[in-house]
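Each remark here refers to the structure printed beneath this line.
Protein chains in written order, with the working numbering: chain A, 23 to 611; chain B, 23 to 611.
Okay, structure coming up:
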């Protein structure tokens, strides 16, 4: 080893020991008679010291040639520091250098290797190997490692077996777009990269594996958003002889264990929220429950506190629904205008925003004073459980749309009021999802989760008559408004599965071609089974209170699916293409 | 849960408890008044019993409809068995059924779900989910899981961090053929699937990660042999600030730990063997050292015990080399003919085989009695340390070829003499590999390991003058004649790396295009580093004493790279192809 200790290891216990350290030069402070070097490695920073008269002149001369990020090896004695630094664990000691060697030089990095770096996103991605030297990113990846390790420890204890499923599989048009791999040994045919190991894990249940998990790469050839990557990682799990409650208990246990092990936080039992409830009170199937601010409906099919006052917009609305922002009656005109602009952005698409200030002196000031008397507004305020000093924000329109819009507004206001503390965690299960949703565009039913999700037994009778009302044995785990995982109890019955495929518009031939092997497997004794998959990148980010997953991935791709560090994808040798039995389309050569 | 206990769990301790079990029907024995059912799950087999007069008739009737592999749930009471079965851990008890439910029916499986199955390879692969129900295969995959878990535990303790490297990377013509993935977002460009994360792990060292590992899928588009798969798994590791000895110690420690944890075997320190020694004494860089039978050279550049006796074949040979098969002088003419045929097979390619029987009465009988007197043969026997009763087997020819041939013969004879016990393990390191080998076909130097392997510092001077003599800081771990892992200390110096690329025939542009990002990274302070990669599939097989890796992979592909269960690769929708900016070559459509 080119070191006896790491740069994070030495303490007063080591006084007078002769040690060898290796690492990167973080800083050199040359005060003339004394030179201090901060030596950095993964484990920490240790101060080296060299002093004229004490340290050999050749070493001092050598030290003066060191630049940032040079790789050096230093031999020396551990001494107590005169001026201690209580900000770092090695801050009580320094190493008086008796030998020094440059292991490798370093050109000046294109940006500062510090928490607050001067490198822009593009530059940091191109030099990702330098970006990864930054404390912040390294800690993220260490956290990721620890989460993976703890996940495995927990599942291993519960007799789950990690089984690797294949990466070169078969394309299934259902779902997102697959990445394809031309086969050289089977010309004209293609493998696909898996979007998830869904069918394989179900086959493992048919195979009697009983409890399976895998931390596994999955792939989707989708147009990318900031928080999507073409390759991403799932904690993929499946269990046999279970009902929904067993899966919920097992994986609530996992996440509690992770919080405890990694964050030192005891998380309470997760509340369960029905899908319908989540939509009604939060306008989202992944509500952020760190704060309350539930939706209150002023006009719906059951009551109407807004009509017949001459305000056509609300008179014609299917739903009038609002939130009460506690203590926000002091919002300025400008702040309210900004909120109005926010909901009117095309991504959200509201026509406008109604506000009602319930002033601290119990008067009302609203954007609809023309139509509604203070008594009317008081009625709204009471319905919304508002107190003087609160601000009511109200949207109206078609039920589904307006709920989505108000969800966005609620999250924005929650952020503005500081109610979304990233170091506070609110976990829940959303349950009782509909099995199917009708797609207006294709005019057919789609599986809300996936086509293997089982309907609630009591709802099977509705499959033919009222498919929209059939609820599924499906569940999502939500933390701080982010969907961390989702799963379902699967269909284990060949006949029911065939019926579902039919309902989803698969011809018998299509179902056979795509999922024949699975339906065939079900003929030979499939156990009742169900499972869940967690988005591992996102889990890392949420536990760290970070929005983007990118800095939890060592070598991420940009929004064009490119790795700008290795310059991939790239053009390849024409002979490689030809060998695959394909050619580029004329304008792509 | 649809069970209170697993089928491997109940003991006499559970007597009189009311339990619920779920599983598959292994067998039904209907003796008229009594029906026994063997119920199987991953954890074991439990005997259920139903008795006329005691068990409700409806249940007995139901039991009579059960077929093999039906999935059932049984409720009952744990009783002591009259006739105990000491072959299974649950053999002291049985469960008297009070309730029975069929969870799923099963068609008759196409082969027997037993250790000794009647299913052929193809059939078992097509119905792999049934094959996986067999005890043998399930145990293999459980072993694989345990090996992976133990590997992670060991490396985690030594502060290694598991980092996921990308799967969608860039093609590098060096090495085997890549699988390619056309990019839809970057038309005309391709990703490649990694043959190993080599460059990424080196970048992680540049990034200061210090100790990295990953259990990771790798891909090679090669024509397949029985023990190769297009996708395979590596335990991939890298360390910074280390020398060769540190890597050897660390990973010898890993394998010892795995033997101890998984097999309960204490393995002694691994001997080190020089590459030159391995070639000279075993004709292989992965010698099977479970048995001795070292090569003895009868004629080489230093001595000659075979020439000038009128036998032209040996007179003209560059090398005459033999092995001594202890106690095999009794081999029959037929056995010797079979061995001769064995070495003359085209895969081995020897012209013939010389045998010398050193009979128990101290006489000699050889295939070259015409040329060599008993005194000559006695001289050979003495050189080969033979005793009466031994058989000498001798080959001759060009040094490299004849060593390879004799290696094959040695292994064959070792097998015949029962010297290759699969439950005995002989581990070693082969070290001091040549850095380069000259390829006659392309008339250029190739890297014996890979182009990032560092030469021994003392040999760098020879790079220009005598490249063949340059030894590498490279090492292979060999167990029972199988190369389990290999690695090297890498080049951390940009200039030396550029020089190597040049020697390997890369133009500066080619080197830049393929490895520019790595050479660029080395400019910014690369630490000395090195590592190793283990073939995980093979490690599983060797530890189990099995030759083929296929049954340690849940869903393997056949020799045409096909998964016959899911029928992959497959033709895909033409629109999917077009979207990728490619088309099939005319005769492939």
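Each residue gets a CB set at the ideal place from its N, CA and C atoms; glycine is no exception.
Quick caveat, the model's predicted, so the values are computed rather than measured.
Apply the 10 Å Cβ neighbour rule to residue i and answer buried if 16 or more other Cβ atoms are within range, or exposed otherwise.
| i | result |
| --- | --- |
| residue 597 of chain A | exposed |
| residue 529 of chain A | exposed |
| residue 429 of chain A | buried |
| residue 109 of chain B | exposed |
| residue 372 of chain A | buried |
| residue 507 of chain B | buried |
| residue 582 of chain A | exposed |
| residue 198 of chain A | exposed |
| residue 464 of chain A | exposed |
| residue 310 of chain A | buried |
| residue 397 of chain A | exposed |
| residue 306 of chain A | buried |
| residue 38 of chain A | exposed |
Against chain A, does residue i count as a neighbour if the rule is that its beta carbon must be under 8 Å from one of theirs?
| i | result |
| --- | --- |
| residue 193 of chain B | yes |
| residue 144 of chain B | no |
| residue 432 of chain B | no |
| residue 296 of chain B | no |
| residue 167 of chain B | yes |
| residue 63 of chain B | yes |
| residue 33 of chain B | no |
| residue 591 of chain B | yes |
| residue 561 of chain B | no |
| residue 137 of chain B | no |
| residue 46 of chain B | yes |
| residue 125 of chain B | yes |
Note down, in chain order, each residue of its chain lying with its Cβ closer than 7 Å to the Cβ of residue i, except the 5 sequence neighbours on either side.
| i | result |
| --- | --- |
| residue 212 of chain B | 193, 202, 203, 204 and 205 |
| residue 545 of chain A | 516 |
| residue 489 of chain A | 458, 467 and 525 |
| residue 579 of chain B | 251, 252 and 585 |
Using a Cβ-Cβ distance under 8 Å, would residue i count as near chain B?
| i | result |
| --- | --- |
| residue 629 of chain A | An answer regarding residue 629 of chain A cannot be provided, because it is not within the stretch 23 to 611 covered by chain A. |
| residue 550 of chain A | yes |
| residue 268 of chain A | yes |
| residue 249 of chain A | no |
| residue 253 of chain A | yes |
| residue 131 of chain A | yes |
| residue 92 of chain A | yes |
| residue 583 of chain A | yes |
| residue 257 of chain A | no |
Which residues in chain B sit within 9 Å of residue i, going by Cβ to Cβ distance?
| i | result |
| --- | --- |
| residue 171 of chain A | 174, 175, 178 and 184 |
| residue 570 of chain A | Correct list: empty, because the minimum Cβ distance to chain B is about 17 Å. |
For residue i, collect the residues of the same chain with a Cβ closer than 8 Å to its Cβ; drop the 5 residues on either side in sequence, then sort them by chain order.
| i | result |
| --- | --- |
| residue 318 of chain B | 343, 344, 345, 346, 405, 406 and 407 |
Closer than 7 Å by beta-carbon distance: list the chain B residues that pair up with residue i, in chain order.
| i | result |
| --- | --- |
| residue 587 of chain A | 539 |
| residue 151 of chain A | 225, 228, 229 and 543 |
Using a Cβ-Cβ distance cut-off of 8 Å, determine whether residue i contacts chain C.
| i | result |
| --- | --- |
| residue 60 of chain B | Going by chain labels, chain C is absent from the structure shown, which instead holds the protein chains A and B. |
Chain A partners of residue i, CB-CB under 9 Å?
| i | result |
| --- | --- |
| residue 25 of chain B | 263 |
| residue 107 of chain B | Residues of chain A passing the Cβ test: none, with the nearest at roughly 21 Å. |
| residue 509 of chain B | Simply none; closest approach about 16 Å. |
Could you work out which residues of chain A lie near residue i, taking near to mean beta carbons separated by less than 8 Å?
| i | result |
| --- | --- |
| residue 157 of chain B | In chain order: nothing, as chain A lies at least about 10 Å away. |
Within its chain, find whatever has a CB closer than 6 Å to the CB of residue i; leave out the 5 residues flanking it on each side and keep chain order.
| i | result |
| --- | --- |
| residue 273 of chain A | 554 |
| residue 242 of chain B | 198 and 217 |
Is any non-hydrogen atom of the ligand ADP found closer than 7 Å to the C-beta of residue i, if you look at the structure I gave you?
| i | result |
| --- | --- |
| residue 87 of chain A | In the structure shown, the ligand ADP is absent, as is every other ligand, since no ligand is present at all. |
Could you work out which residues of chain A lie near residue i, taking near to mean beta carbons separated by less than 7 Å?
| i | result |
| --- | --- |
| residue 546 of chain B | 91, 128, 129, 131 and 152 |
What in chain B is Cβ-close to residue i, meaning under 8 Å?
| i | result |
| --- | --- |
| residue 239 of chain A | 186, 189 and 239 |
Any C-beta of chain B within less than 9 Å: which residues of the stretch 518 to 529 of chain A qualify? Near chain B, meaning a CB-to-CB distance below 9 Å, no residue of the stretch 518 to 529 of chain A qualifies.
Chain A contacts made by the stretch 176 to 188 of chain B, where a contact means CB separation under 7 Å: 178, 183, 184, 185, 186, 187 and 188
What are the residues in the stretch 190 to 221 of chain B lying within 9 Å of chain A by C-beta distance? 190, 191, 192, 193, 195, 199, 200, 201, 202, 203, 204, 205, 206, 207, 208, 209, 210, 211, 212, 213, 214, 215 and 221
Beta carbons nearer than 9 Å to chain A: which residues of the stretch 337 to 363 of chain B have them? none
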